[in-house]
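According to my numbering, the sequence shown is numbered sequentially starting from 26.
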Amino acid sequence: DLATELDYDTSHISRVERSERLPTREYLQQFIQVLQLSKAEGAEIFDLFEQATGTQAGPSPSQPKLTPRQDWGEAPDIGIFYGRQKELGALEKWITQDHCRVVALFGLGGMGKTTLVTKLAEQIQDEFEYVIWRSLRNVPSTMDILSDCIQFFSDQQPGDLPESVGQRISLLIDNLRNHRCLLILDNIESILQEGHRAGYYREGYETYGDLIRRVGETRHQSCLVLTTREKPGELASLEGETSPVRSLQLYGLDQKDGREMLQNRNLSGSEDAWTDLIHRYSGNPLALKIVSETVRELFSSNIADFLNEETAIFGGVYDILGQQFDRLSELEQDILYWLTIEREDVTLEDLREQIIRPISSRDLLEAVRSLVQRSLVETSPVGFTLQNVVMEFVTGRFIEQVYDEISTETILLFHSHALISAQAKDYVRQSQIRLILKPLVDWLQAQLGQEGTEDKLNKILAGLRETTNPQQPGYAGGNILNMLIYLGSDISNYDFSHLPVWQAYLRDVVLHDVNFAHADLTKSVFMETFGGIFSITFSPDGKLLAAGTTDNEIRVWQAADRKQLLICKGHTGWVRS
Numbered sequence: 026d027l028a029t030e031l032d033y034d035t036s037h038i039s040r041v042e043r044s045e046r047l048p049t050r051e052y053l054q055q056f057i058q059v060l061q062l063s064k065a066e067g068a069e070i071f072d073l074f075e076q077a078t079g080t081q082a083g084p085s086p087s088q089p090k091l092t093p094r095q096d097w098g099e100a101p102d103i104g105i106f107y108g109r110q111k112e113l114g115a116l117e118k119w120i121t122q123d124h125c126r127v128v129a130l131f132g133l134g135g136m137g138k139t140t141l142v143t144k145l146a147e148q149i150q151d152e153f154e155y156v157i158w159r160s161l162r163n164v165p166s167t168m169d170i171l172s173d174c175i176q177f178f179s180d181q182q183p184g185d186l187p188e189s190v191g192q193r194i195s196l197l198i199d200n201l202r203n204h205r206c207l208l209i210l211d212n213i214e215s216i217l218q219e220g221h222r223a224g225y226y227r228e229g230y231e232t233y234g235d236l237i238r239r240v241g242e243t244r245h246q247s248c249l250v251l252t253t254r255e256k257p258g259e260l261a262s263l264e265g266e267t268s269p270v271r272s273l274q275l276y277g278l279d280q281k282d283g284r285e286m287l288q289n290r291n292l293s294g295s296e297d298a299w300t301d302l303i304h305r306y307s308g309n310p311l312a313l314k315i316v317s318e319t320v321r322e323l324f325s326s327n328i329a330d331f332l333n334e335e336t337a338i339f340g341g342v343y344d345i346l347g348q349q350f351d352r353l354s355e356l357e358q359d360i361l362y363w364l365t366i367e368r369e370d371v372t373l374e375d376l377r378e379q380i381i382r383p384i385s386s387r388d389l390l391e392a393v394r395s396l397v398q399r400s401l402v403e404t405s406p407v408g409f410t411l412q413n414v415v416m417e418f419v420t421g422r423f424i425e426q427v428y429d430e431i432s433t434e435t436i437l438l439f440h441s442h443a444l445i446s447a448q449a450k451d452y453v454r455q456s457q458i459r460l461i462l463k464p465l466v467d468w469l470q471a472q473l474g475q476e477g478t479e480d481k482l483n484k485i486l487a488g489l490r491e492t493t494n495p496q497q498p499g500y501a502g503g504n505i506l507n508m509l510i511y512l513g514s515d516i517s518n519y520d521f522s523h524l525p526v527w528q529a530y531l532r533d534v535v536l537h538d539v540n541f542a543h544a545d546l547t548k549s550v551f552m553e554t555f556g557g558i559f560s561i562t563f564s565p566d567g568k569l570l571a572a573g574t575t576d577n578e579i580r581v582w583q584a585a586d587r588k589q590l591l592i593c594k595g596h597t598g599w600v601r602s
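So, in structure tokens, the structure goes:
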């Protein structure tokens with residue numbers, strides 16, 4: 026039983042008990058822990074060990090702190106440190122008290138993961154014999170990292186090291202057993218693959234997964250600390266609240282710590298202005314530092330003047346988020362676009378209804394889970410949403426992409442995503458108009474003028490009539506109509522026949538001589554509020570509109586002036602067709 030608890034074979038324990046072999050430091054520490062010896066008993070054992078070996082035994086409860094051998098590599102000089110006391114306390118407890126073997130800190134770019142882990146390592150360095158820090162930003166191979174660490178821990182020469190990765194991992198773990206080591210690997214996302222779900226390794230770097238898994242599964246007295254923007258796949262199967270493998274997601278600074286960090290930037294503003302600034306950037310430390318320089322240099326340090334510009338994402342903030350966005354799969358990008366359009370909590374069922382591409386429930390769930398692991402999507406009791414800083418970035422990306430598509434008359438996002446949600450709450454729809462539709466139309470008008478913008482939309486509409494399968498779903502028709510309405514264009518005699526015209530907001534809009542014959546008006550909104558619509562159709566000549574509702578009615582209007590002509594009652598259930 027003792028051999029099992031200590032993870033040593035019985036012959037080794039027998040030789041120790043017969044004084045044929047001295048125990049290792051790790052053996053003694055595990056022995057004390059398994060037998061639940063008192064602090065005094067543990068100290069006495071280590072004193073005897075010192076007398077027998079003539080060396081300092083290690084971190085016994087009564088001994089002075091160790092003087093570690095350190096190699097800080099590319100660890101930053103952090104200077105003044107703000108906030109994060111709760112996170113520091115949790116991480117320190119996991120490592121020094123709970124003896125976790127692997128600890129991962131993950132979060133969005135710019136959140137301060139590297140800074141926090143540096144501060145943590147400085148606080149707990151005396152608990153370890155060895156401290157080594159390595160950045161993976163330049164994607165070193167697993168062999169190189171293992172060679173570097175083993176030589177640091179044991180002074181072995183490169184020529185003496187095993188040739189295989191597996192053997193080097195075994196040798197590293199031997200060192201982690203025999204000495205108390207703190208090994209920090211920064212920027213793990215650098216070795217993870219782009220364009221796939223979170224946690225997959227680049228080709229040729231899969232052995233990093235073996236390293237993390239084996240260090241997490243094998244008993245030793247050291248700790249591997251990881252920082253990353255997305256979780257490696259191995260963590261999900263190994264981590265847990267009481268497991269020796271744990272992870273902590275890092276969010277933005279709160280109002281108090283955010284203001285404290287910016288106190289020397291000489292910014293001026295009311296309490297509301299300060300609150301809005303930190304909220305807009307989700308407390309992201311790097312974003313706030315970059316923005317504060319812009320406020321100081323271009324807006325005379327006046328926060329309110331900067332906020333009035335409504336230009337949130339630029340410079341270094343844009344670059345960081347752009348790098349993370351570009352790593353995503355096409356489906357993950359689609360989901361972020363939809364969460365940005367909806368601008369409030371969205372359920373999986375909502376997403377499934379909005380996405381036009383065929384997608385299984387499993388693929389959708391895995392894509393959302395991947396985005397959560399990348400710290401790009403946040404969960405709530407009612408669904409999923411985005412941090413403000415991410416939503417601002419994705420909104421800008423969406424507008425840029427759609428602008429390029431309209432300019433080149435080659436539509437992708439313009440077809441697969443709505444610019445506004447006609448059936449959304451009024452305040453949400455107004456936000457969509459102000460933050461998506463208006464900037465897009467303003468940009469097009471500035472480059473093409475009113476007539477040029479209308480001409481582009483007309484050409485796209487003509488292309489849709491020539492190429493679109495009437496049964497193929499899409500949002501381009503509804504987007505064109507919403508844009509023309511916002512432009513104040515004369516839409517009489519426009520031909521939307523046989524086209525999907527989804528999410529068009531047509532309340533109080535004159536539709537004189539607009540041809541909607543055989544058009545699919547799914548999710549569009551017309552004259553008045555009544556029960557939900559299960560079926561809707563125009564007469565063959567496009568002059569009459571009929572809708573079947575969840576009020577058990579059929580309603581008929583004149584399309585040109587929106588005059589209601591008829592309400593057919595008497596159905597005993599919802600009118601579905």
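Where a beta carbon is used, it is the ideal one built from N, C-alpha and C, also for glycine. What you are looking at is a predicted structure, and each value in this text was computed from that prediction instead of being measured.
Within 8 Å, strictly: CB atoms of residue i and residue j
| i | j | result |
| --- | --- | --- |
| Y276 | L207 | no |
| G224 | V270 | no |
| R254 | L210 | no |
| I458 | I366 | no |
| N540 | D520 | yes |
| H537 | H523 | no |
| L373 | L389 | yes |
| S326 | G132 | no |
| T143 | A115 | no |
Of the residues the options, the one placed nearest residue i, counting alpha carbons only
| i | options | result |
| --- | --- | --- |
| F106 | T140, D123, E99 | T140 |
| L251 | N507, K138, A501, E434 | K138 |
| L161 | V371, R422, G98, I198 | G98 |
| Q455 | E430, A392, E369 | E369 |
| L506 | Q497, E479, T492 | E479 |
| D282 | E296, W468, I303 | I303 |
| V535 | G234, R290, Y511 | Y511 |
| T243 | H221, G229, P257, S268 | S268 |
| G513 | Q470, E357, G499 | Q470 |
| S446 | R422, I384, K463, Q528 | Q528 |
| L113 | G220, L273, A449, E266 | L273 |
| R387 | S549, M416, L356, Y233 | L356 |
Residue i: first and last residue of the uninterrupted beta strand (DSSP E) it sits in
| i | result |
| --- | --- |
| E367 | Looking at the DSSP string, E367 is not in any beta strand (DSSP E); the run it does join, the alpha helix (DSSP H), is 355 to 367. |
| G408 | 408 to 411 |
| I209 | 206 to 211 |
| W582 | 579 to 583 |
| D96 | 94 to 96 |
| Q448 | That residue, Q448, is in no beta strand (DSSP E); it is neither H nor E in DSSP. |
| Q174 | According to the sequence as given, residue 174 is Cys; it is not Gln. Premise fails: C174 lies in the alpha helix (DSSP H), 167 to 179, not in any beta strand (DSSP E). |
Spatial neighbours of residue i in its chain, beta-carbon cut-off 7 Å, leaving aside the 5 residues before and after
| i | result |
| --- | --- |
| Q583 | K568, L569, L590 |
| I120 | V128, I149, C248 |
| Q218 | Y225, Y226, R227 |
| A615 | Residue 615 cannot be examined here, being either before or after the span of the chain that is shown, 26 to 602. |
| L236 | T167, I194 |
| I197 | Correcting the residue identity first, residue 197 is Leu in this sequence and not Ile. Cβ within range, chain order: L171, C174, I175. |
Spatial neighbours of residue i in its chain, beta-carbon cut-off 6 Å, leaving aside the 5 residues before and after
| i | result |
| --- | --- |
| V402 | L396, F409 |
| K90 | At K90 the pLDDT is 48, less than 50, meaning the model places this residue with poor confidence; the figure from the coordinates comes in the next sentence. Cβ neighbours of K90 beyond the five flanking positions: D151. |
| S432 | none |
Assigned exposure category for residue i - 16 Cβ within 10 Å defines buried
| i | result |
| --- | --- |
| T435 | exposed |
| P84 | In this prediction, P84 scores a pLDDT of 44, lower than 50, which makes its location untrustworthy; the coordinate-derived value is nonetheless stated afterwards. It is buried - the Cβ of P84 has at least 16 other Cβ atoms within 10 Å. |
| V407 | exposed |
| K481 | buried |
| P680 | The shown model of the chain, from 26 to 602, leaves out residue 680, and the question about it has no answer. |
| L73 | exposed |
| V526 | buried |
| F371 | Contrary to the premise, residue 371 reads as Val rather than Phe in this sequence. So V371 counts as buried. |
| A82 | Unreliable positioning characterises A82 in this predicted model, as indicated by a pLDDT of 42, which lies under 50. The coordinate reading is nonetheless provided below. Counting Cβ neighbours within 10 Å, A82 comes out buried, since at least 16 surround it. |
| E45 | Low local confidence applies: a pLDDT of 49 at E45 is under 50, so the model's placement there is unreliable, with the coordinate-based value given in what follows. Exposed, because fewer than 16 other Cβ atoms sit within 10 Å of the Cβ of E45. |
| Q122 | exposed |
| S87 | Because S87 sits at a pLDDT of 41, beneath the cut-off of 50, its placement in the model cannot be relied upon, and the point is left open. |
| R422 | buried |
| S385 | exposed |
Host alpha helix (DSSP H) of residue i (start-end)
| i | result |
| --- | --- |
| A261 | 258 to 263 |
| W527 | Per DSSP, W527 belongs to no alpha helix (DSSP H) and is neither H nor E. |
| F331 | 328 to 333 |
Chain C within 8 Å of residue i, Cβ atoms only
| i | result |
| --- | --- |
| I384 | Protein chains in the displayed structure number just one, and chain C is not present. |
Close beta carbons around residue i, own chain, < 8 Å, minus the five adjacent residues each side
| i | result |
| --- | --- |
| A329 | G294, S295, A298 |
Check: residue i C-beta below 7 Å from any heavy atom of the ligand MN
| i | result |
| --- | --- |
| F106 | Judged by which ligands are present, the structure shown has none, so any question about the ligand MN falls away. |
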